[in-house]
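Student: Starting off with a structure, shown below.
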Amino acid sequence: MISNFIHTYVSIDCVVFGFDNENRLNILLVQRHFENIPEEKQRKLPGSLIMNNEDVDDAAQRVLTELTGIKKMVLKQFKCFADPKRANKKDVQWMAEEYNHHIDRIITVAYLSLCKINRKINCSKYETVDWFPIDKVPDLPFDHNQIINESLIEIRKWIESDFSIIFELLPKKFTIRQLYQLYSAISEKYIDIKNFHKKISSFNYIIQLDEIETNVAHRAARYYKFDPKIYKKNNTKLIK
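Take any residue in the sequence shown, count from 1 to its spot, add 566: that is its number in this note's numbering.
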């Protein structure tokens, strides 16, 4: 019976979403180093084994702080990935070299986080950190592509239950079109932009500013801001 037990470890993997100036959802990926594999094939989700004195949520916050330099980020645990075959021989070999320890099997707890893409990334752990549009994410090690796919399902549920988190991806001042394009990109719902604008105008927690866009080729749009205190009092869903 004892022989059935192997060296199993628990890790954290974080899917960090950003929204770029071309109105695309992006994922933050890091570079691992492993001999005999081209660099372009060594991207991965940021993650780490859990330390012996850490709670999983604390470990996830540590991973994000090491990744971005931001001490406190919006964070949501969404699934445990525990398929015995989620790591192939090369992944097992990489873990042995990375952690200087034999690891037969690794179970990961996946987290979802949101980051404004124009924030400066001060990474203390990885030499290379890059944003990738979700439709241009390469083949990743372990089951990281599956984790990303399931995180998209999770972020849609999250926005439906708490619309305020969408503003974690937008600049402090934004246009209605930016909000519309972000919501459309995440939800994959078609909404008429005129109806969307009317809906947004009825929300008192989205405040119109006395500023408009400058140096744009199209008609300049007015800026808005999100007021979290008013939102908490109303908690109105965007789409009912």
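Positions of the beta carbon are idealized from the N, C-alpha and C atoms, including for glycine.
Drop a sphere of 10 angstroms on the beta-carbon of residue 610, count the other beta-carbons inside from all chains shown, and report buried for 16 or more, exposed for fewer.
Tutor: Against the sequence shown, residue 610 aligns to sequence position 44. Burial state of residue 610 is buried, judged by a 10 Å Cβ sphere holding 16 or more other Cβ atoms.
Student: Starting from residue 615, follow its DSSP beta bridges and name the residues at the other end.
Tutor: Locating residue 615 in the sequence shown gives position 49, counting from the first residue. DSSP output for residue 615 lists 577 as bridge partner(s).
Student: Take the Cβ of residue 659 as the centre, count every other Cβ of all protein chains shown within 10 Å, and call the residue buried at 16 or more, exposed below.
Tutor: Residue mapping note: residue 659 aligns to position 93 of the sequence shown, counting from 1. The residue is exposed, with fewer than 16 neighbouring Cβ atoms inside 10 Å.
Student: How many angstroms separate the CA atom of residue 763 from the CA atom of residue 742?
Tutor: Counting from one through the sequence shown, the residue named residue 763 turns up at place 197. Counting from one through the sequence shown, the residue named residue 742 turns up at place 176. Straight-line Cα distance between these residues: approximately 7 Å.
Student: Just tell me which of 576, 719, 735 has its CA closest to the CA of residue 622.
Tutor: For the purposes of this step, residue 622 is taken as the residue at position 56 of the sequence shown. Here the closest residue by C-alpha is 576.
Student: Give me the DSSP bridge partner(s) of residue 752.
Tutor: Numbered from its first residue, the sequence shown carries residue 752 at position 186. Per DSSP, none; premise fails for residue 752.
Student: Indicate the three-state DSSP secondary structure (helix, strand or coil) for residue 645 in the structure shown.
Tutor: Reading the sequence shown from its first residue, position 79 is the one you call residue 645. The answer is strand: DSSP assigns residue 645 an E or B state.
Student: If you drop the 5 nearest sequence neighbours on each side, which residues of the same chain put their C-beta closer than 6 Å to that of residue 677?
Tutor: Translated into the one-based positions of the sequence shown, residue 677 becomes position 111. Counting only Cβ-Cβ distances below 6 Å, and skipping sequence neighbours, we find 580, 626, 641, 643.
Student: Kindly indicate which three-state DSSP category residue 600 falls into: helix, strand or coil?
Tutor: Sequence index remark: in the sequence shown, residue 600 carries index 34 (1-based). It is coil, neither helix nor strand.
Student: How far does the beta strand (DSSP E) with residue 695 in it reach, from first residue to last?
Tutor: The count along the sequence shown starts at 1 and reaches residue 695 at position 129. Its beta strand (DSSP E) spans residues 695-699.
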